[in-house]
Amino acid sequence: MKITNKLIEKHGLKPEEYKAIKKLMQREPNFLELGIFSAMWNEHCSYKSSRIHLKKLPTTGKQVIQGPGENAGVIDVGDDDAIIFKIESHNHPSYIEPYQGAATGVGGILRDVFTMGARPIALLNSIHFGSPNHKKTKSLLNGVVSGIGGYGNCIGIPTVAGETKFNETYNENILVNAMAVGHAKKDKIFYSKAKGVNKSVVYVGSKTGRDGIHGASMASAEFDENSEEKKPTVQVGDPFTEKLLMEACLELMKDNSIISIQDMGAAGLTSSSVEMASKGELGIELELDRIPCREENMTPYEMMLSESQERMLIILEDGKEQDAKKIFDKWDLDFVVIGKTTDTKNLTLKYNNKIEGEIPIEALASKAPIYDRKWSKKKPTNEKVDLKNLKKIKIEDALIKILSSPNHSNKSWITNQYDQSVMCDTIQKSGSDAAIIRIHNKDKAIAVSVDSSANYCKSHPITGGKQIVCENWRNLITVGAKPLAITNCLNFGNPENNEIMGEFTECLQGIKEACEFLNYPVVSGNVSFYNGTNKKNIFPTPVIGGVGLIKKLSQPLNHYFKGNNNKLILIGKTFGHLEQSCFLKENYSIDIGMPPEINLFNEKNNGDSLLKLIEKNLVLSSHDISNGGLITALAEMAINSEYGAKIQKPKKLTNLFRYFFGEDQARYIIEIKANNLSKVEKILKDNDTYYENIGHTQKEFFEIEGEMKFSTKDLFKINNEWYNSY
Amino acid sequence: MKSSVIVFPGSNCDRDIAVALEKMQFKNKMVWHKETKLPKSDLIVIPGGFSYGDYLRSGAIAGKSLIIDEVIKAANSGCLILGICNGFQILTETGLLKGTLLRNKNLKFINKDIHIKVLNNNTKFSKKYKNDQVLKINIAHNEGNFFTDSKHLEKLNKENLIAFKYCDEKGNINESSNPNGSLDNIAGIFNSNKNILGMMPHPERMMDEIISNKDGVNLFSSLMN
């Protein structure tokens, strides 16, 4: 086939990129080679717009065993235990085909984790939909939730936490981010770097079909009115096969036959083979006639670009082929030696003994383009809300509005569709600040949470970037875990647009500052650009997934009130910041001004102090204060509990709306026994931590003295209506 | 007591049940579905999961697998058989238990803690429970909506073969305490000889206070002696 300009464009390559290809190849590529370049050089695989910025993130620390660059990040959780985790986006496919898109998102991230030798122990997700009133939202929500559940439930990994948000910015481009967390022994971690020449390259798992061809390129372009036609580029998942593949791989990993292993994710066989060879500074030769195919007459082009799921590439030690094959036979999976490593540093593709394509590995990997794209700074706004000019409302009505809104309603309609309990190590499920998973057979646990704040990031990306890291950190602290490391999924619009690139650069700047200050490094992640349709970009939506350690298991800590007449303490200072708040958005549809300021010193100090209280068993329940402010956090502690609270009016800040709905950061509410009050106050004072006594728990009613009173049952009702009537 | 857990491709509660059995001092063996011989066992457990990916119909393919012939033989000679969730579905496919499990009434997968009532504590599976005792227990299934014909239902009632019924916290058995649409709120049944129990809820998930509660423990301790 002749390489025309049209064909180049169809492959998502710019004219100057094609020129660079010719220079690297010192000739014109053929059709197969063009396809391979397109698969490796697209944004999704090459990170060409983000790479120089990602390098600035902190990725090291005592707790880090493996940072970004591998299939997933690895951290040390003491003894001989390692936790392996990563988050990844599957936004574009999920919009086109919600069930399969979401399902294969889960499947893909699970492979990243078990490829490295970990048994997956938890799944999380962050899903963002358009306005509930948009015509597609309901079916997308249904499809995505069933897809996530369908995959996780079948493979038998508990889906333990997540967030679901609605905002019209996602009307035409939803976000589906899936995170997987696995457990491995520190000395049994597997990497993708190839070693040694003439080693067998083995294909295992499902057969290759025509599904998902150019999936990664599709994910590297904006949507337009013809996006529906891209359905054939969405992969189809089979969790049953993945379960077999997972068990077979984990069985093979028990001995020492694997040199390197890599799952076939985006850009399938192409990216997996190039990655392994590139890291090992080797060449790789594949005989494509040996690829197990699901369909007849598949061409080398189709085989190399297929994104069929549930496949792996393994490089084996000499002489291990037969024993390895026995394991895959047992699990009824394909196992075929399809090639070998070479010293040519080329990707060599043979079909019927003829070389169909040959490309220098470095042209596909290290020499792929890297762009320092133009970006513009976001100017801080000084828009302020003047409460006096707004229509008067009652505090209780404002609270009802928030608790019954789609973004704050109880999400058990969703979480009841996920198996959260399989594997019998889930100590705390969805609905708390963080989920808690026991390390199997051990007396310790990890806490996990995913968070995002697109509104904050939109209004001021640096502050927003800091805020999500802090919020995620707080969510782990409140359940008594020491936060160790994060993974991030960076969902943004079109990077060729200066403003969007600015949002990206500045959000990362914020993430970097917070991670550095909190010693909370980034160990893995994923970038998803081109989220938008017809030039309309989504709000910048970086999602943070954090993992923390609970060294010694005791009764799990959550945010539900535990008893009568216990003291309630508010940790952290309240300034009454209402700009970008949920209060203004839900009650007045106002979203102006800056997000609340982040003071990293207070953030760290308040969190560390709370951890000290928890470690001394002084805390009965604790909750971080985020969207909706103090009153919403208190209401959440009363919902699902037989106890409510009696809260005094503030002594200093006189505007009740600012006090109760303000979204100032670095704040927590804790419930403690009355007779522990002096102990708790001493620790907080000794650690220079600002706090206020705000009231006490009481039976049945949530009350603000002289202002409002709800029964906890009514709160529950208000909070549980939306999903069931949607 | 010796137990065997049958493992099909796609079983995913096999480890959970093995942990529970070992905790209760069973000497347990895992048995791969391609085996043609069972180790000597006092109890055979068919665990939950998605055997064969639920393809064709949940439990249908597993019900025809090699090891099942041995399970049927053992069952007919009085060996105790426990099928949980997908295991219950498989037992109905083999004919060892009558009835069938349909799609949940709301057409969605359901995972939550619900309550069940013990209806017959005069069996080897349930003797450590009290009659009418209410257990809080986890369910996780797509197809748990028990259905059978009126003749079988009559027999179940007459011969006291209903093991558990879904109920509320206080033990009320009614439509609102029925999570999946099961006929008469039935959550688990015995065969006529009461050596086979099939149930949708997961007792192996209720073995540990820090994870959930210990409401499943007595099922296994009943079997122990």
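Top to bottom, those sequences are chains C and E. Residue numbering for the first sequence is 17 to 742, as defined by my numbering. Residue numbering for the second sequence is 885 to 1109, as defined by my numbering. Just so it is clear, CB atoms sit at the ideal spot from N, CA and C, and this is done for glycine as well.
query                                                                                                                                   : result
Residue(s) in a DSSP beta bridge with residue 187 of chain C                                                                            : Answer is none; residue 187 of chain C lacks a bridge partner.
Run of the beta strand (DSSP E) containing residue 1051 of chain E, from where it starts to where it stops                              : 1046-1051
Neighbouring residues, chain C, relative to residue 994 of chain E (Cβ below 9 Å)                                                       : 432, 433
Coil, strand or helix - residue 920 of chain E by DSSP                                                                                  : coil
Length at least 4, wholly inside the stretch 100-158 of chain C: the alpha helix (DSSP H) runs in chain order                           : 107-112, 114-130
Closer than 7 Å: residue 953 of chain E CB and nearest the ligand ZN heavy atom                                                         : This structure lacks the ligand ZN, and indeed carries no ligand of any kind.
Proximity below 8 Å, CB of residue 274 of chain C to CB of residue 198 of chain C                                                       : no
For residue 1020 of chain E, the residue or residues it bridges with in DSSP                                                            : E:999
C-alpha gap between residue 351 of chain C and residue 135 of chain C, whole angstroms                                                  : 21 Å
DSSP state of residue 782 of chain C mapped onto helix, strand, coil                                                                    : Residue 782 of chain C lies beyond the residue range present for chain C, which begins at 17 and ends at 742; the question has no answer from this structure.
Identified DSSP bridge partners for residue 717 of chain C                                                                              : C:727
Sufficient close CB pairs (3 or more, under 8 Å) joining the stretch 602-621 of chain C to the stretch 481-499 of chain C               : yes
Chain C residues whose Cβ lies nearer than 9 Å to that of residue 1118 of chain E                                                       : Because chain E here runs from 885 to 1109, residue 1118 of chain E falls outside it and cannot be looked at.
Buried or exposed (CB count within 10 angstroms, at least 16 for buried), residue 501 of chain C                                        : buried
CB of residue 591 of chain C within 8 Å of CB of residue 414 of chain C, strictly                                                       : no
Of the residues C:470, C:570, C:477, the one placed nearest residue 443 of chain C, counting alpha carbons only                         : C:570
Residue environment, residue 936 of chain E, which counts as buried when at least 16 other CB atoms sit within 10 Å                     : buried
Proximity to residue 384 of chain C [Cα-Cα], best of C:375, C:390, C:20, C:285                                                          : C:375
Chain E within 8 Å of residue 437 of chain C, Cβ atoms only                                                                             : yes
Alpha carbon of residue 983 of chain E to alpha carbon of residue 1036 of chain E, nearest angstrom                                     : 8 Å
Beta-carbon spacing of residue 958 of chain E, residue 1104 of chain E below 8 Å                                                        : no
Residue 582 of chain C in three-state terms, based on DSSP                                                                              : coil
Burial state of residue 9 of chain C, where buried means 16 or more other Cβ atoms lie within 10 Å                                      : With chain C running from 17 to 742 in the structure shown, residue 9 of chain C is simply not present.
Interface residues of chain E facing residue 442 of chain C [CB-CB closer than 8 Å]                                                     : 1095
Neighbouring residues, chain C, relative to residue 936 of chain E (Cβ below 8 Å)                                                       : 256
Contact set between residue 1089 of chain E and chain C, taken where Cβ atoms lie within less than 7 Å                                  : 437, 440
8 Å Cβ cut-off: residues of chain B touching residue 900 of chain E                                                                     : Any reference to chain B falls outside this structure, whose protein chains are C and E.
Under 7 Å from the C-beta of residue 159 of chain C: neighbouring residues of chain E                                                   : Near residue 159 of chain C there are no residues of chain E at all, since even the closest Cβ is about 12 Å away, more than 7 Å.
Residues of its chain near residue 643 of chain C, where Cβ-Cβ distance is below 6 Å and the 5 sequence neighbours each way are ignored : 598
Residue-level contact to chain C via CB, residue 967 of chain E, 8 Å cutoff                                                             : no
Enclosing alpha helix (DSSP H) for residue 284 of chain C [first to last residue]                                                       : 284-296
Residue 981 of chain E versus residue 1076 of chain E: straight-line alpha-carbon distance, rounded                                     : 9 Å
Proximal chain C residues relative to residue 962 of chain E, where beta-carbon distance stays under 7 Å                                : Those do not exist, as residue 962 of chain E stays about 30 Å from chain C at its closest Cβ, beyond 7 Å.
is_contact[residue 1071 of chain E, chain C] using C-beta, thresh 8 Å                                                                   : no
Beta-bridge partners of residue 639 of chain C, as assigned by DSSP                                                                     : C:685
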